[in-house]
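Q: Please find one structure pasted underneath; my questions will follow.
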Amino acid sequence: MERVAVVGAGIIGLSTAFALQRRGAEVVLLESGSPGGGQSAGQGRIFRHAHADPRLVAQVVRSRALWRAWETELGVELVARDGAVAIGDGVPDKLAALAPFPDAPARELTSAELHERLPLLADYDGPAMLDEHGGAIRTRAAIEALTARLGDSLVVDHVLAVRRRADGDIEVRTGTGARTFDQVVLCAGRRTAALAGALGLELPVDLGAHVRLTFARVDGGSAGLPTFQDGSGEFGETGVYASPYPGSQRYAVGLAGHTPARPDGAVADPEELAALAERTVAYARLALPGLRPDPLDHVHCWVTALPWGEDGVGVWHDDGVTAVAGHNLFKQAPVLGEALATTALTGDVPDDWHHSARLGRDD
Ligand SMILES: Cc1cc2nc3c(=O)[nH]c(=O)nc-3n(C[C@H](O)[C@H](O)[C@H](O)COP(=O)(O)OP(=O)(O)OC[C@H]3O[C@@H](n4cnc5c(N)ncnc54)[C@H](O)[C@@H]3O)c2cc1C
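Each residue of the sequence shown is one higher than the one before, counting from 1457 in my numbering.
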């Protein structure tokens, strides 16, 4: 039986460990904090199919089928059925990108349909669309269900170093010990590039910090809400995303940008992070009058982007060590976990996911 260590219990490490466990591997999932406490923190992420790279659209279609299979297996809703709405001049391109994928139905929305689905929104009559099988990912439910399923395979311990030994085993040194494995998969979020770099795998990760704010609905209603992307510029910003909390009484809103980190890993300009939060509040006041204007909370997270695109993702593998990096990975976690499990068990990175394929590229 293959002995595999997975480092990091965010959504990607949990998905990878789950896939490995189901394929009969002996898995240890090492997490220094609480599962889902890193980039996977907070309630809700957008599940959407539209991406510039058609290979990523195809992977996301597969991922949605796996999310649905997990719902049956884990007994909990993981992607809400309220759809993903987008507005702005990019709508025709998004619809064109989805046209070849019958399993990702999408259509234009009239202004009346848009406001019926998203009554929080201010007046707007520009281009709008609905990704019918998109919706809010129930992030906490996913983290909790996978954590419970992995049981004793999840070990709370900090990984300091990973080393290839002369006998071919991979040694993992943690806060409380040293253990050997046949394979190691690095899913440590912002720490992956550092751990991989020490093993000769250079990941071109651009580290930044991001902020997202949560607002309450004015009407206190609980009717389901779609996720939302605004590229219109009508309300002063061109890259906005938003997602409802479970129960749809709260809506999380963020601007697509992030503020860079210094080489030592600190936020380079804390003022810029605060300014991003202020711009988000200003946007919500203008665009989403159905929300109370004062934010209820902030989610601050690291962003680990690759140079080929906002949705870029890649897998690196060499001699028993696999590493993954990218941004906006929550939606494809089930299919990416399968790809990482395949890499660890066969030594081959499935085609699309190899970093040289630049999956999720913008051009
Ligand atoms: C605000 C925000 C909004 C987002 N919106 C979307 C969206 O709408 N749709 C979407 O698909 N994606 C979205 N994303 C991106 C998505 O959330 C992330 O890509 C995804 O959660 C990354 O998961 P991960 O498992 O790779 O990393 P993480 O969740 O960061 O997990 C890494 C884990 O490794 C652990 N770790 C690190 N170092 C060590 C060590 N040395 N030893 C042991 N453990 C270690 C950490 O504690 C952490 O728990 C968003 C991200 C943010 C921040």
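Just so you know, even glycine gets a beta-carbon here, dropped at the ideal spot from N, CA and C.
Please classify SER1490 as buried or exposed, where buried requires at least 16 neighbouring CB atoms within 10 angstroms.
A: exposed
Q: For GLU1794, is the classification buried or exposed, using 16 other Cβ atoms within 10 angstroms of its Cβ as the cut-off for buried?
A: buried
Q: Within the chosen definition, does the region 1496 to 1510 reach the region 1551 to 1561 through at least 3 CB pairs nearer than 8 Å?
A: yes
Q: Out of LEU1815, ASP1549, TRP1772, which one is the CA nearest neighbour of GLY1803?
A: TRP1772
Q: Starting from the N-terminal side, write out each stretch of the beta strand (DSSP E) that is 3 residues or longer and does not extend beyond the region 1663 to 1715.
A: 1683 to 1686, 1696 to 1700, 1706 to 1711
Q: Alpha carbon to alpha carbon, what distance is there between GLY1664 and LEU1610?
A: Here the alpha carbons of GLY1664 and LEU1610 stand approximately 28 Å from one another.
Q: Alpha carbon to alpha carbon, how far is GLU1727 from ASP1559?
A: Each residue's alpha carbon lies about 44 Å from the other.
Q: Taking the continuous alpha helix (DSSP H) assigned at TRP1523, which residues delimit it?
A: Where TRP1523 is concerned, the enclosing alpha helix (DSSP H) starts and stops at 1510 to 1530.
Q: Report all residues from its chain with a CB closer than 6 Å to the CB of THR1798; omit the five preceding and five following residues, and keep chain order.
A: Around THR1798: PRO1806.
Q: Cβ of VAL1641 within 8 Å of Cβ of THR1472?
A: Against a cut-off of 8 Å, the Cβ pair of THR1472 and VAL1641 comes out as a contact.
Q: Can you name, in chain order, every residue of its own chain whose Cβ lies under 7 Å from the Cβ of LEU1873, other than the five neighbours on each side?
A: Nothing about residue 1873 can be reported from this structure: the residues present for the chain run from 1457 to 1819 only.
Q: Does the Cβ of ILE1543 lie closer than 7 Å to at least one heavy atom of ligand 1?
A: no
Q: To test your reading of the DSSP string, which unbroken beta strand (DSSP E) runs of 3 or more residues are found completely within the region 1523 to 1574?
A: 1540 to 1543, 1562 to 1564
Q: Give the straight-line distance between the Cα atoms of LEU1486 and ILE1543, rounded to the nearest whole angstrom.
A: 41 Å
Q: Are there three or more Cβ pairs, one per stretch, closer than 8 Å when the region 1641 to 1652 is compared with the region 1690 to 1702?
A: no
Q: Apart from the five residues just before and just after ASP1675, which ones in its own chain have a Cβ nearer than 8 Å to its Cβ?
A: PRO1575, GLY1746
Q: Would you kindly check if the distance between the Cβ of GLU1482 and the Cβ of ARG1459 is under 8 Å?
A: yes
Q: Between which two residues does the alpha helix (DSSP H) carrying VAL1791 extend?
A: Judged by DSSP secondary structure, VAL1791 falls within the alpha helix (DSSP H) whose first and last residues are 1789 to 1802.
Q: Does the distance from the CB of LEU1534 to the CB of ALA1597 come in under 8 Å?
A: Result yes, Cβ atoms of LEU1534 and ALA1597 sit closer than 8 Å.
Q: For ALA1475, decide whether its Cβ has a neighbour in chain C, counting only Cβ atoms nearer than 8 Å.
A: Among the protein chains of the structure shown there is no chain C, as only one such chain exists.
Q: Spatial neighbours of TRP1523 within its chain, please: CB distance less than 7 Å, with the 5 preceding and 5 following residues excluded, ordered by chain position.
A: LEU1534, VAL1535, PRO1790
Q: Measure the alpha-carbon distance for ARG1820 versus ASP1686 and round it to whole angstroms.
A: Beyond the ends of the chain as shown, which are 1457 and 1819, falls residue 1820; an answer cannot be given.
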